[in-house]
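Engineer: Pasting a structure here, questions to come.
Residue numbers (our numbering): 30 to 410.
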């Protein structure tokens, strides 16, 4: 597509991760950062101070009007993903969108349809699969030296610190909560490590730590693959505790675990477990965001399928919705080909329960209401 010229890029949304993406884009070979957008003038000004060749916009849609912008990195709040990705696709831009692809499967479908119809590259940014320790774990599993995976335990425990978060992150109706913020990382990692053939889900999703906040802070899921592999994913945002972040994987010929340091606790690394002892594995280091963007640009230039597809991003949300449905009904939710089996008796029961709408948020009822106006600055970006 663009091998013989420089790609023009825009970063839309300059909140928690947007400035990091701007730095990556501006240093990438064959790419020029030409526009950034945010409703917050202070955030916009701070990024422009570091990237003086770029033009700033208070409305991301103005950046999409530029003919010299070929690719966009969307870092807007979750509830804005569907509208902004579709707008970017309609403008003919190739899109790297921060996880999650969207808040719901229905939104994922509309996003994918827009990308296909406009013949643009669409890649959800599931950055944690690019973490060096996760990549090394994948290499070892794929090598077969540990035999077949049997069971895995994935965990992420950290404080919520609600006072430091924008309002939208604290309301499930605007894409907030731990499931859509961190749970999607966990599901993506497990799908990448073990493949997409998920059979069923049994889960609990709720907010027992912060019942006053209308978003989940705690979830635990038991996910079964069609080959018999069983994985638990557990996530809690505690008021006080000790951070733990990583995965233990048990195989027929040994064990492997990775850990990721977070806050003041933990050591990042990969260890093999055999004969009652762990051996640490050397892990080559690289910048995860940089590698992700590099592979996205390569796909755009080649007109090829990106390394993370929109279909995969949709499956992550299918599984998240399956967890919600299981939590509503207390039953296991069956899947077909990685998608929730909406014709099964159990899911029919879940749909009825969801339609009734348990509103205390402890059971995972996440019926959407009207989102705030797209450019309401009180919701942050």
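Glycine included, every Cβ here is placed at the ideal spot set by N, Cα and C. These numbers come from a predicted model, not from an experiment.
When you compare only the Cα positions, how much space is there between residue 141 and residue 218?
Structural biologist: If you draw a straight line from the Cα of residue 141 to the Cα of residue 218, it is about 21 Å long.
Engineer: For residue 55 and residue 310, what's the separation of their Cα atoms in angstroms?
Structural biologist: If I take the Cα positions, the gap works out to 33 Å.
Engineer: Could you pull out every unbroken beta strand (DSSP E) segment of at least 3 residues lying fully inside the segment 167-200, listed in chain order?
Structural biologist: 178-188
Engineer: Given residue 336, which residues of its chain have a CB within under 6 Å of its CB, disregarding the five upstream and five downstream residues?
Structural biologist: 324
Engineer: For residue 120 and residue 359, what's the separation of their Cα atoms in angstroms?
Structural biologist: 44 Å
Engineer: Any idea what DSSP makes of residue 383, helix, strand or coil?
Structural biologist: Residue confidence for residue 383 is low, a pLDDT of 31 falling below 50, so the modelled location carries little weight; the figure read from the coordinates is stated next. In the structure shown, residue 383 sits in a helix (DSSP, three-state: H, G or I).
Engineer: Go ahead and label residue 81 buried or exposed: buried means 16 or more other beta carbons lie within 10 angstroms of its beta carbon, across all protein chains shown.
Structural biologist: Residue 81 should be labelled exposed.
Engineer: Once DSSP output is grouped into helix, strand and coil, what is the label at residue 81?
Structural biologist: coil
Engineer: Have a look at 174, 129, 124 and 64 and flag the residue whose alpha-carbon is nearest the alpha-carbon of residue 150.
Structural biologist: 124
Engineer: What separation, rounded to the nearest whole angstrom, lies between the Cα atoms of residue 38 and residue 92?
Structural biologist: 10 Å
Engineer: Beta-carbon separation of residue 162 and residue 312 under 9 Å?
Structural biologist: yes
Engineer: With respect to the alpha helix (DSSP H) encompassing residue 55, which residues constitute its N-terminal and C-terminal limits?
Structural biologist: First-last of the alpha helix (DSSP H) with residue 55: 47-56.
Engineer: Are there three or more Cβ pairs, one per stretch, closer than 8 Å when the segment 326-334 is compared with the segment 199-211?
Structural biologist: No, because fewer than three Cβ pairs between the segment 326-334 and the segment 199-211 fall closer than 8 Å, the two stretches do not touch.
Engineer: Is DSSP giving residue 255 helix, strand or coil here?
Structural biologist: Annotated three-state conformation of residue 255 is coil, per DSSP.
Engineer: Quick one: Cα of residue 79 to Cα of residue 159, how far?
Structural biologist: 26 Å
Engineer: Report the option in 223, 108 and 237 whose CA atom is closest to the CA atom of residue 268.
Structural biologist: 237
Engineer: Could you give the residue range of the alpha helix (DSSP H) that holds residue 139?
Structural biologist: 134-146
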